[in-house]
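**Student:**
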Amino acid sequence: MNYDIITFGSGTRDTFLRLKEGNYRILGEGESVGGQSLCFPLGSKIFIEDLQVSTGGGATNTACTFSNQGLRVAVCTKVGDDKGGEAVIEELKKFKVDTRFIKKDKQYLTAFSAILSFGRERTILIYRGACHFLEEKDIPFNKLKTKWFYLAPLSEKSAQIFGPLVKFAVKKGIKIAVNPGNSQINLGQKILKPILGQIDILILNKKEASLLSGIEKEQEMDIIRKLKGWIKGILVITKGKEGSVVCDGKYIYKAKTPSVLPLEKTGAGDAYGSGFLSGLLEKNDIKYAIQLATANATSCIQKIGAKNGLLKKGQWGKWPKVKVEKKSLG
Ligand SMILES: Nc1ncnc2c1ncn2[C@@H]1O[C@H](COP(=O)(O)OP(=O)(O)OP(=O)(O)O)[C@@H](O)[C@H]1O
Ligand SMILES: [Mg+2]
Numbered sequence: 005m006n007y008d009i010i011t012f013g014s015g016t017r018d019t020f021l022r023l024k025e026g027n028y029r030i031l032g033e034g035e036s037v038g039g040q041s042l043c044f045p046l047g048s049k050i051f052i053e054d055l056q057v058s059t060g061g062g063a064t065n066t067a068c069t070f071s072n073q074g075l076r077v078a079v080c081t082k083v084g085d086d087k088g089g090e091a092v093i094e095e096l097k098k099f100k101v102d103t104r105f106i107k108k109d110k111q112y113l114t115a116f117s118a119i120l121s122f123g124r125e126r127t128i129l130i131y132r133g134a135c136h137f138l139e140e141k142d143i144p145f146n147k148l149k150t151k152w153f154y155l156a157p158l159s160e161k162s163a164q165i166f167g168p169l170v171k172f173a174v175k176k177g178i179k180i181a182v183n184p185g186n187s188q189i190n191l192g193q194k195i196l197k198p199i200l201g202q203i204d205i206l207i208l209n210k211k212e213a214s215l216l217s218g219i220e221k222e223q224e225m226d227i228i229r230k231l232k233g234w235i236k237g238i239l240v241i242t243k244g245k246e247g248s249v250v251c252d253g254k255y256i257y258k259a260k261t262p263s264v265l266p267l268e269k270t271g272a273g274d275a276y277g278s279g280f281l282s283g284l285l286e287k288n289d290i291k292y293a294i295q296l297a298t299a300n301a302t303s304c305i306q307k308i309g310a311k312n313g314l315l316k317k318g319q320w321g322k323w324p325k326v327k328v329e330k331k332s333l334g
């Protein structure tokens with residue numbers, strides 16, 4: 005079987021717990037460690053307003069966008085030999101995503117996230133599970149026949165397979181899009197630079213771009229120039245409600261977001277990254293890719309669950325396509 009894209013990364017079960025206003029407090033930067041904090045009274049019982057269970061994880065979320073956009077896609081991840089793992093696989097099948105490369109592991113349970121959502125924000129508690137321990141031996145390299153790899157964040161121990169996956173792709177002429185997670189970024193510049201030199205599309209959020217480049221996040225142009233020098237292809241930086249900026253080496257493309265209030269933001273990054281690659285594969289046009297990415301992310305955050313709002317091919321949601329400003333990099 006030849007695929008357009010194979011995705012790698014996490015496959016989890018997500019539980020969304022909607023907190024009721026008044027049942028929690030947000031402590032300001034001065035009162036807590038590491039920025040603002042979500043705070044509950046110690047020893048208390050907290051009733052929640054709403055509960056929803058779905059599946060998540062970057063590899064599975066992005067695969068659902070690719071499939072929705074009419075691409076042939078398979079997921080490569082690891083789940084536990086348990087109900088959670090079955091739920092992940094079942095949901096992917098509903099989206100017509102190929103699940104044959106998903107390994108059921110006997111040692112670890114399926115990863116689990118509890119998403120505490122409040123106001124427009126959320127704090128996520130993560131139980132490390134099978135997908136965080138994806139190793140080279142779990143990957144059926146000889147069966148991976150595809151045009152593209154999409155590497156969603158490879159967290160914890162899985163970050164170690166970043167290098168081998170890129171090396172394999174280069175050897176086979178497979179193109180690579182990467183949205184690295186913190187564990188990958190923390191591998192350090194010495195390990196990362198040769199890997200990033202092979203990348204066709206690098207997708208980062210503002211914080212990740214700052215962490216990777218070692219430049220303050222306000223210095224956007226400095227970050228872009230530095231990172232663009234490290235990769236061979238396109239650099240994409242997402243900036244939450246401020247939109248996104250893309251650089252292909254010659255031009256800078258900037259787009260805002262439609263003015264919407266998010267209902268639940270989980271999956272926004274995955275929806276943007278996979279929407280961007282889908283758009284690029286459809287039209288080979290960066291402006292169009294940004295518009296599709298933004299529309300997909302906008303729609304994603306209007307629903308609870310990382311997959312529930314994803315657009316289908318030909319749909320654009322109820323917002324107009326965003327304007328994309330194109331300027332020479334100079
Ligand atoms: N509050 C918001 N309002 C409108 N659009 C948003 C908002 N948050 C995110 N988006 C859309 O989603 C895209 C990706 O969001 P963001 O930069 O927060 O990614 P991320 O930090 O990687 O997200 P994730 O937590 O899912 O990994 C943005 O470029 C934007 O199009
Ligand atoms: Mg992200």
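Following the working numbering, the numbering of the sequence shown begins with 5 at its first residue and continues without gaps.
Note that beta-carbon positions come from the ideal geometry of N, C-alpha and C, so glycine has one too.
All of these numbers come straight from a predicted model, not from anything done at the bench.
#1: So what's E33 in DSSP terms, helix, strand or just coil?
#2: Is the closest heavy atom of ligand 2 to the C-beta of E212 under 8 angstroms?
#3: For S36, count the other beta carbons within 10 Å of its own beta carbon; 16 or more makes it buried, fewer makes it exposed. Which is it?
#4: Quick one: Cα of C68 to Cα of L314, how far?
#5: Report all residues from its chain with a CB closer than 7 angstroms to the CB of P144; omit the five preceding and five following residues, and keep chain order.
#6: State yes or no: is the C-beta of T11 nearer than 8 angstroms to some heavy atom of ligand 4?
#7: I think Y112 touches A134, with their Cβ atoms under 8 angstroms apart; what is that distance to the nearest whole Å?
#8: Distance, Cα to Cα, P184 vs G277?
#9: Answer with buried or exposed for E212, where buried requires no fewer than 16 other C-beta atoms within 10 angstroms of its C-beta.
#10: With distances taken from CA atoms, which of Y255, L196, V77, L208 is nearest V240?
#11: Determine which residues share a DSSP beta bridge with R132 and list them.
#12: Using only the heavy atoms of ligand 1, determine whether one of them is closer than 8 angstroms to the beta carbon of V264.
#13: Apart from the five residues just before and just after K258, which ones in its own chain have a Cβ nearer than 6 angstroms to its Cβ?
#14: Work out the CA separation of G237 and D204 for me, nearest whole Å.
#15: Across which residues does DSSP place K258 in a beta bridge pair?
#16: Sort out for me which residues DSSP pairs K179 with in a bridge.
#17: I'd like to check one pair, I256 with K331: are the Cβ atoms closer than 9 angstroms?
#18: If you draw a straight line from the C-alpha of P266 to the C-alpha of T59, how long is it?
#19: Quick one, which of I128, G123, R124 has its alpha-carbon nearest G115's?
#20: If you drop the 5 nearest sequence neighbours on each side, which residues of the same chain put their C-beta closer than 7 angstroms to that of D86?
#21: Hey, is G318 close to ligand 2, as in C-beta under 8 angstroms from one of its heavy atoms?
#22: State the DSSP-derived secondary structure class of Q295, mapped to helix, strand or coil.
#23: Starting from the Cα of T150, find the closest Cα among L158, D102, G192, E224 and give me that residue.
#24: Beta-carbon within less than 8 angstroms of I93's beta-carbon, same chain only, minus the 5 sequence neighbours each way: which residues are those?
#25: Indicate whether N190 and P157 have their beta-carbon atoms separated by less than 9 angstroms.
#26: What separation, rounded to the nearest whole angstrom, lies between the Cα atoms of K260 and A299?
**Tutor:** On the basis of the data shown:
#1: helix
#2: yes
#3: exposed
#4: 8 angstroms
#5: F105
#6: Ligand 4 is absent from the structure shown, which contains only ligand 1 and ligand 2.
#7: 4 angstroms
#8: 11 angstroms
#9: buried
#10: L208
#11: Answer by DSSP bridge pairing: none, since R132 is not bridged.
#12: yes
#13: V249, E329
#14: 4 angstroms
#15: V249, E329
#16: W152
#17: yes
#18: 19 angstroms
#19: In the sequence as displayed, the identity of residue 115 is Ala instead of Gly. If we check each option's Cα against that of A115, I128 comes out closest.
#20: L113, T114
#21: no
#22: helix
#23: D102
#24: V83, T103, I106
#25: no
#26: 11 angstroms
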